[in-house]
Amino acid sequence: MNSQFKTVAIAGGTGTLGYHIAEAFLNDGSYNLKILRRKPETENEKAKLLASKSAEIIYADYDQKDDLVKVLKGTDVFVSAVNGTSLYDTQVPLLAAAKEASVKRFIPSEFGSEFNKIGVNPLIDGKIKFREEVVKSGLEYTVIYTGLFQEFLGWFGFDVKNKKATFYADGNKKLHTTSLSDVGKYTVEMLKMPEARNAGIKVAGATLSLNEYLQKFEEISGSKWEVVVDEEVKQRYQNKIEPIPSPEENLKAIITQNEQYKDLDNDKFSFTPRPVTEVIEKIVKQEA
1 MNSQFKTVAI AGGTGTLGYH IAEAFLNDGS YNLKILRRKP ETENEKAKLL
51 ASKSAEIIYA DYDQKDDLVK VLKGTDVFVS AVNGTSLYDT QVPLLAAAKE
101 ASVKRFIPSE FGSEFNKIGV NPLIDGKIKF REEVVKSGLE YTVIYTGLFQ
151 EFLGWFGFDV KNKKATFYAD GNKKLHTTSL SDVGKYTVEM LKMPEARNAG
201 IKVAGATLSL NEYLQKFEEI SGSKWEVVVD EEVKQRYQNK IEPIPSPEEN
251 LKAIITQNEQ YKDLDNDKFS FTPRPVTEVI EKIVKQEA
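If you're matching positions, the sequence shown starts at 1 in UniProt numbering and goes up one per residue.
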């Protein structure tokens, strides 16, 4: 156990990803956990649930640096699990306050595929620009790459209701995916790894081709699916060619066609990720 870390604060801890990270810290049991929420105080089921498991819910005005610094005093690790379209603007005040509050380690809201080139997409650009700020800040940091969240496979083109898969690349294209509960476990455990200090950690619950994910959806739903391959989404989006894709479709195409990171760090962790079939079974049940 890395004894330098006792108290962890999570921003976005009641969100889709943040809640799973919060649960993983509570299950681990070695840390005091603070869930940072925006003022004004509002009723929130997930916040209540986390509080009942001994997390402390703290409120701050994100636009008031002094307010943020005050609630972050005594925090060793800051995990940013905020989401939204402007990850740079949202996180810059959190980083500044964490530095002033003498936080020891900052974990930015990366949790996805690895991108290093600006100009691909505004959402991705925000992550890259903020990552550069974190490195410059002088705070210890860890960036975690997890690939796509498995729970989002339905959103990503695997349409259970209509038994239809949309591929934004050739069906043999591989894709890293990780379940949200495992993203939580990786986040907790990497705090105990010396090599995670000031580094990027790359993990994946599964690395399968689009065809292999489809096969699992077909097996679990017990039916043959229709497949549409559309590799021109990015070009149509950029050049406004009909049918013009939505920004969301463009983002899916960018993620699918992105070069998948190599050199996974999975073997440095003590647990085996849950099988992707478990998550797919859940998706199929929910949509059936």
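Even for Gly, the Cβ is constructed at its ideal location relative to N, Cα and C.
With C-beta atoms as the reference, is Ala11 less than 9 Å away from Val82? Taking the first residue of the sequence shown as 1, we reach residue 11 at position 11. Taking the first residue of the sequence shown as 1, we reach residue 82 at position 82. Judged by beta-carbon spacing, Val82 lies within the 9 Å limit of Ala11, meaning their Cβ atoms are closer than that value.
Just the C-alpha distance for Ala97 and Lys34, rounded to the nearest angstrom, thanks. Counted from its first residue, the sequence shown places residue 97 at position 97. Counted from its first residue, the sequence shown places residue 34 at position 34. When rounded, the distance between both Cα atoms is 15 Å.
Quick check: the segment 102 to 113 against the segment 131 to 150, are at least 3 beta-carbon pairs closer than 8 Å? The segment 131 to 150, when compared against the segment 102 to 113, does touch it at the 8 Å Cβ threshold.
Measuring CA to CA, which of Ala24, Pro275, Lys39, Ile57 is closest to Thr178? In the sequence shown, the residue the question calls residue 178 occupies position 178. With distances taken between Cα atoms, Thr178 lies closest to Pro275.
Tell me whether Glu278 sits in a helix, a strand or coil according to DSSP, three-state version. Taking the first residue of the sequence shown as 1, we reach residue 278 at position 278. Glu278 falls in the helix class under three-state DSSP.
Taking DSSP as the reference, what is the three-state secondary structure of Tyr59? Your numbering for residue 59 matches position 59 in the sequence shown. Shown here, Tyr59 sits in a strand according to DSSP, grouped into three states.
Compute the Euclidean distance between the alpha carbons of Ser54 and Glu41, then round it to the nearest angstrom. Within the sequence shown, the letter at position 54 stands for residue 54. Within the sequence shown, the letter at position 41 stands for residue 41. Going from the Cα of Ser54 to the Cα of Glu41 covers about 18 Å.
Quick test of the definition: if touching needs 3 or more C-beta pairs under 8 Å, does the segment 180 to 188 touch the segment 115 to 134? No, the segment 180 to 188 is not in contact with the segment 115 to 134.
From which residue to which residue does the alpha helix (DSSP H) around Leu94 run? Within the sequence shown, numbered from 1, the residue matching residue 94 stands at position 94. Unbroken alpha helix (DSSP H) run through Leu94: 87 to 100.
At which residues does the beta strand (DSSP E) containing Gly200 begin and terminate? Taking the first residue of the sequence shown as 1, we reach residue 200 at position 200. For Gly200, the uninterrupted beta strand (DSSP E) segment begins and ends at 199 to 202.
Whole angstroms is fine: what's the gap from Leu68's alpha carbon to Pro93's? One-based indexing of the sequence shown puts residue 68 at position 68. One-based indexing of the sequence shown puts residue 93 at position 93. Spanning the two alpha carbons is a distance of roughly 9 Å.
Between Lys202 and the rest of its own chain, which residues show a CB-CB distance below 6 Å, the 5 nearest in sequence each way excluded? Looking up residue 202 in the sequence shown gives position 202. So the list reads Tyr145, Tyr261, Leu264, Asp265, once near-sequence residues are dropped.
By Cβ distance below 7 Å, which residues in the same chain neighbour Ala253 in space, the five residues on each side in sequence not counted? The residue you call residue 253 lines up with position 253 of the sequence shown. Around Ala253, the same chain offers Tyr168, Val233, Lys234 as residues with beta carbons nearer than 7 Å, after the five sequence neighbours per side are excluded.
Looking only at its chain, what residues have a beta carbon closer than 7 Å to the beta carbon of Lys39, apart from the 5 residues adjacent to it on each side? Here residue 39 corresponds to residue number 39 of the sequence shown, with the count starting at 1. Within the same chain, Cβ atoms closer than 7 Å to the Cβ of Lys39 are found at Tyr59, Ala60, Asp61, the five residues on either side in sequence being excluded.
Under three-state DSSP, which class holds Ala288? Position 288 of the sequence shown, counted from the first residue, corresponds to residue 288. It is coil, neither helix nor strand.
Quick one: measure Cβ to Cβ for Arg37 and Ala51, integer angstroms, because I've assumed they're closer than 8 Å. Stepping through the sequence shown from its first residue, residue 37 is reached at position 37. Stepping through the sequence shown from its first residue, residue 51 is reached at position 51. Between the beta-carbon of Arg37 and that of Ala51 there is about 11 Å, and that puts the pair past the 8 Å contact cut.
Tell me, please, whether the segment 221 to 228 touches the segment 192 to 201 by the rule of three or more beta-carbon pairs shorter than 8 Å. Result no; under three Cβ-Cβ pairs closer than 8 Å.
Measuring CA to CA, which of Ile21, Thr14, Thr16, Gly15 is closest to Glu189? Position 189 of the sequence shown, counted from the start, is the residue given in the question as residue 189. Comparing Cα-Cα distances from Glu189 to each of Ile21, Thr14, Thr16, Gly15, the minimum goes to Ile21.
So, at 7 Å on beta carbons, what are the nonlocal neighbours of Thr90 in its own chain, with the 5 sequence-adjacent residues on each side left out? The residue labelled residue 90 in the question sits at position 90 within the sequence shown. Contacts found: Val82, Gly84.
Given a cut-off of 9 Å on the beta-carbon distance, is the pair Gly171 and Leu148 in contact? By 1-based counting over the sequence shown, the position of residue 171 is 171. By 1-based counting over the sequence shown, the position of residue 148 is 148. It is not a contact, given that the beta carbons lie outside the stated cut-off.
Just to confirm, is the Cβ distance from Phe217 to Ala288 under 9 Å? Here residue 217 is taken as the residue at index 217 of the sequence shown, counted from 1. Here residue 288 is taken as the residue at index 288 of the sequence shown, counted from 1. No, the pair does not count as a contact, with Cβ atoms beyond the cut-off.
To the nearest angstrom, report how far apart Asn2 and Lys192 are at their CA atoms. For this step, residue 2 is matched to residue 2 along the sequence shown. For this step, residue 192 is matched to residue 192 along the sequence shown. For Asn2, the pLDDT reaches just 48, beneath the cut-off of 50, and the residue's location in the model is therefore unreliable, although a value from the coordinates is still provided. Rounded to the nearest angstrom, the two C-alpha atoms are 5 Å apart.
What are the partner residues of Ser209, as DSSP defines its beta bridges? One-based indexing of the sequence shown puts residue 209 at position 209. Per DSSP, Lys174.
Using 9 Å as the threshold, is the C-beta distance between residue 355 and Glu23 below it? Only positions 1 to 288 of the chain appear in the structure, and residue 355 is not among them; the question remains open.
Assuming the contact rule is C-beta atoms closer than 8 Å, Ser209 and Lys163 should be a hit. Round their C-beta distance to whole Å, please. As a first step, residue 209 must be located in the sequence shown, where it is residue number 209. As a first step, residue 163 must be located in the sequence shown, where it is residue number 163. Not a contact, Cβ separation roughly 19 Å.
Per DSSP, which one or two residues make a beta bridge with Val228? In the sequence shown, residue 228 corresponds to position 228, counting from 1. According to DSSP, Val228 bridges with Thr166.
Cross-strand partners of Asn32 (DSSP beta bridge): The residue you call residue 32 lines up with position 32 of the sequence shown. Note: Asn32 sits in a beta bridge opposite Thr7.
Can you tell me where the beta strand (DSSP E) with Glu140 in it begins and where it stops? Along the sequence shown, read from residue 1 onward, the residue named residue 140 stands at position 140. In the DSSP assignment, Glu140 falls within the unbroken beta strand (DSSP E) covering 140 to 145.
Hey, quick one: how far does the beta strand (DSSP E) through Ser80 stretch, first residue to last? For this step, residue 80 is matched to residue 80 along the sequence shown. 77 to 80 is the extent of the beta strand (DSSP E) around Ser80.
Could you tell me the distance, in whole angstroms, from the CA atom of Glu219 to the CA atom of Lys173? In the sequence shown, the residue the question calls residue 219 occupies position 219. In the sequence shown, the residue the question calls residue 173 occupies position 173. CA-to-CA, the gap between Glu219 and Lys173 works out to about 20 Å.
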